[in-house]
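Protein chains in written order, with the working numbering: chain A, 1 to 405; chain B, 1001 to 1271. Note that the Cβ used here is the ideal one computed from N, Cα and C, for glycine as well. Input: a single structure, listed below in structure tokens.
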Amino acid sequence: MKKNKNINYKIFPDKNGRFGKFGGRFVAETLMPLLLKVEEEYKKAKNSKKFKSKLKYYFESYIGRPSPLYLAERLSSKLNGAKLYLKRDELNHTGAHKINNCVGQILLAMQMGKQRIVAETGAGQHGLATATVCALFNLNCVIYMGEVDIKRQAPNVFKMKLLGAQIQPVKSGRATLKDAMNEALRDWVSNVKDTFYVIGTAAGPHPYPMMVRDFQSVIGDEAKKQILKYEKRLPNYLVACIGGGSNALGLFYSFLNDYDVKILGVEAGGEGVNSKKHAASLAKGKPGFLHGNYTYLLQDPNGQINDAHSISAGLDYPGIGPEHSWLKEIGRVKYVSATDKEALSAFKLCSKLEGIIPALEPSHALAYLIKNSKKFSKKDIIIMNMCGRGDKDIFAISDKLGVKV
Amino acid sequence: MNIMINRIEKTFEKLKADGDKALVSFITAGDPNMEKSEQILCDLPKYGVDIIEVGIPFSDPMADGPTIQKSSNRAISAGSNLSKTLKIINKFRRVNSKTPIVLMGYFNPIFQFGLEKFFNSCKKIGVDGIIVVDLPPEENELINVYTKRYGVHNIRLITPTTDKKRLRKILKFTSGFLYYVSITGITGTKKPSVLEVKKAVSRIKANTNLPVVVGFGIDNYKQAAALNKISDGCVIGSAIIKIIESYKEYSKSKISKKIEDFLIKFSKDNK
């Protein structure tokens, strides 16, 4: 990885919101002034002691940070003796990493005087986290969610309603995450004056990919401190699953300039990346423009966006955050995939061996490690982001396994 | 860009000389299918349409309301795409060399087609201008060289959220005419306030000599008449698409007749 040693990864995006050629701001004029305003306010917040101390307060006392870094010994025994540490963001309030970003963005929205929050959600984790923080701060909350996802994530839908959020079912397209994001953007265009759009992943127009990454990078900052404390050295590998890519960037960002740390991003391989049903935009997509940024997309030769497929609603997205597209092209991160089936086995294995029921999303990351266990040795230390817990998935999974709950 | 004179300038000059305003209409290429769409396109000038915006179908039209989303989906299902869009415009040009055609769409289909190839085709076929909805002036450099090289007008949207500073930035990259989006929202959903539009259009006109047309949410004569007093024309989009949607199973000449009924009444009341 010598060729990467001259790059300072921490200075991106540039002032135009570009990570190399990826990213940017590709939105209708109506949204541009607001995006510029969000960027300006975010810069202010980033340097404000008051904002930072507020963020720290809610991270610690509301979310429950720092999340533990846990040595999963029984799983390690399945990885040729490599030490597998799980960064336990599934223990956060609301059960996933998503809330880190929600607290950050909603504090910013309040600083900008916005009273109404809209968000898209796939697995429901981002919607749930947004609804939770809106309840906390007494803000109106509208969640756009595909009809297909509403069915496969019923527990989260119920919780969001309980928290006072209004759920807007999305019927267009294949009625999943991409379509929910279209509708949330349309809502935002129509209500720019009083509304803030809390994007849940490190995608969308600048400054969102940067902002989401920054709020999530608390994961990697903590993990770095923790591993140095436990092992007195940096890990050999980082691994995380990728849909839009926010949990992965959250873990990776702190280590990007540690050139000896190998980094793996695991995309959702669905029924196989060589089938038509997967969500592996980096493996099988082509750069293009969607949802405000230039990035790898699953699309046909005419530039129409293809539907993604994954057993995991949270990874079921035909695009990916622009920073990942860039990290792929310059070779800093290696992107791989795991199928629905492999993820399901890893899900079961983790539950049995560690007493941790993982979400289907991080089960993909674990599945890749298990599948490639021979590549690791006793000398290796691996940190995997356990970015969500599996409570939300048990109904969908029991269905797959033919068990009635 | 003053040296560039094409059908757009000529049309506005003629309208001005006649004391008339532009009736701009929008259809999606290939809605409800290629054959019917071609017929509608060829007939629109006969019904008093001065400028035609032809939508390039896209799977994820972020700035459009349900009517145009469905229209785009019908077109894609009927096999429409950018190269077929150019084909029907080519056929249109065989029967009509006067009416300006403006292609309107999202950046991804154009980018995947190839920018050089696209703008070159526009010039060859006789596309007079383009509106790329999701390409703000900040990203304009991606197409700037091509619009200039091939003499295709780069028409831009101005919205109620555009302030003075941005207005100047937008004007720097615009030619042909300006499209004022009369509402903060997506196409065909809210109704514009004439008073607000008046303020905005006079603000724009104080900064440019380019014609300004008003669109988004206009579907009746009264509204258009009121807006025409302050602008250089109106865009009728979703209202025509709704007619196509309602009568999509009809023969091409019957759909065209329905549009005629609507537009003839429109023009009469308006002029």
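C-beta atoms of A:Tyr144 and A:Gln168 nearer than 9 Å: The residue labelled residue 144 of chain A in the question sits at position 144 within the first sequence. The residue labelled residue 168 of chain A in the question sits at position 168 within the first sequence. Contact flag set, yes.
Members of the stretch 1116-1127 of chain B that neighbour chain A once the beta carbon cut-off is set at 7 Å: none
Top-ranked residue by Cα proximity to A:Cys102, from A:Glu120, A:Gly173, A:Met384: Counted from its first residue, the first sequence places residue 102 of chain A at position 102. Comparing Cα positions, the closest option is A:Glu120.
Nearest residue (CA-CA) to A:Ile311, options A:Gly17, A:Gln299, A:Ala268: Looking up residue 311 of chain A in the first sequence gives position 311. Nearest of A:Gly17, A:Gln299, A:Ala268 to A:Ile311, Cα basis: A:Ala268.
Beta-carbon neighbours of B:Ser1059, restricted to chain A and to distances below 7 Å: Along the second sequence, read from residue 1 onward, the residue named residue 1059 of chain B stands at position 59. In chain order: Gln304, Ile305.
Residues near B:Tyr1250 by beta carbon distance below 8 Å, same chain, minus five either side: In the second sequence, the residue the question calls residue 1250 of chain B occupies position 250. Counting only Cβ-Cβ distances below 8 Å, and skipping sequence neighbours, we find Lys1258.
Bounding residues of the beta strand (DSSP E) (the contiguous stretch that carries B:Val1024): For the purposes of this step, residue 1024 of chain B is taken as the residue at position 24 of the second sequence. Here the beta strand (DSSP E) through B:Val1024 covers 1022-1028.
Chain A contacts from the stretch 1158-1187 of chain B (Cβ-Cβ distance under 9 Å): Ile1158, Thr1159, Pro1160, Thr1161, Thr1162, Asp1163, Arg1166, Ile1170, Val1181, Ile1183, Thr1184, Gly1185, Ile1186
Among B:Arg1168, B:Asp1060, B:Gly1048, the one whose alpha carbon lies nearest that of B:Pro1100: In the second sequence, counting from the first residue as 1, residue 1100 of chain B sits at position 100. Comparing Cα-Cα distances from B:Pro1100 to each of B:Arg1168, B:Asp1060, B:Gly1048, the minimum goes to B:Gly1048.
Beta carbon of A:Tyr368 nearer than 9 Å to that of A:Ala338: The sequence position of residue 368 of chain A within the first sequence is 368, counting from 1. The sequence position of residue 338 of chain A within the first sequence is 338, counting from 1. Yes.
Simplified DSSP state of A:Ile305, which is helix, strand or coil: Sequence index remark: in the first sequence, residue 305 of chain A carries index 305 (1-based). Strand, per DSSP.
The stretch 90-99 of chain A / the stretch 185-198 of chain A touching (three or more Cβ pairs under 8 Å): no
Residues of the stretch 1129-1145 of chain B with Cβ closer than 7 Å to any Cβ of chain A, in chain order: Val1133, Asp1134, Leu1135, Pro1136, Glu1138, Glu1139
Coarse secondary structure for B:His1153, derived from DSSP in three states: Residue mapping note: residue 1153 of chain B aligns to position 153 of the second sequence, counting from 1. DSSP places B:His1153 in strand when its eight states are reduced to three.
Contacts around A:Val261, its chain only, beta-carbon distance under 8 Å, and the 5 residues preceding and following it disregarded: Taking the first sequence and counting its residues from 1, one reaches residue 261 of chain A at position 261. Excluding residues within five positions, the ones whose Cβ falls inside 8 Å are Leu234, Pro235, Asn236, Tyr237, Leu238, Phe255.
Beta-carbon separation (whole angstroms), A:Pro13 vs A:Met210, contact threshold 8 Å: Locating residue 13 of chain A in the first sequence gives position 13, where the first residue counts as 1. Locating residue 210 of chain A in the first sequence gives position 210, where the first residue counts as 1. Going by Cβ atoms, the distance from A:Pro13 to A:Met210 rounds to 5 Å, so yes, they are a contact pair.
Chain-ordered neighbours of A:Pro301 on chain B, where CB pairs are closer than 8 Å: On the first sequence, position 301 is the one that residue 301 of chain A refers to. Residues of chain B passing the Cβ test: Gln1112.
Beta-carbon neighbours of A:Ser172, restricted to chain B and to distances below 7 Å: For the purposes of this step, residue 172 of chain A is taken as residue 172 along the first sequence, with counting starting at 1. Simply Gln1069.
Helix, strand or coil at A:Arg88 [DSSP, three-state]: Reading the first sequence from its first residue, position 88 is the one you call residue 88 of chain A. Of the three classes helix, strand and coil, the one that applies to A:Arg88 here is coil, per DSSP.
Exposed unless 16 or more other CB atoms sit within 10 angstroms - verdict on B:Ala1206: To locate residue 1206 of chain B, count along the second sequence from 1; it is residue 206. Burial call: exposed.
Residue range of the alpha helix (DSSP H) that includes A:Val148: Residue numbering aside, residue 148 of chain A sits at position 148 when the first sequence is read from its first letter. Start and end: 147-152.
Per-residue burial, B:Glu1009 [other beta carbons within 10 Å of its own, 16 or more giving buried]: Your numbering for residue 1009 of chain B matches position 9 in the second sequence. It counts as buried.
Neighbour flag for A:Ala365 against chain B, beta carbons, 9 Å: Counted from its first residue, the first sequence places residue 365 of chain A at position 365. Output row for A:Ala365: interface = no.
As assigned by DSSP and simplified to three states, the class of A:Arg174: Sequence index remark: in the first sequence, residue 174 of chain A carries index 174 (1-based). Reduced to three states, the DSSP call for A:Arg174 is coil.
For A:Gly265: DSSP bridge partner residues: On the first sequence, residue 265 of chain A is found 265 positions in, with the first residue counted as 1. A:Gly265 pairs with A:Ala240, A:Tyr335.
Selection from A:Val218, A:Pro207, A:Arg389 that minimises the alpha carbon distance to A:Pro422: No answer is possible for residue 422 of chain A: the residues shown for chain A start at 1 and end at 405.
Exposure of A:Pro301, with buried meaning 16 or more beta-carbon neighbours within 10 Å: The residue you call residue 301 of chain A lines up with position 301 of the first sequence. Label assigned to A:Pro301: exposed.
Secondary structure of A:Tyr197, DSSP reduced to three states: By one-based count along the first sequence, residue 197 of chain A stands at place 197. Three-state DSSP puts A:Tyr197 in a strand.
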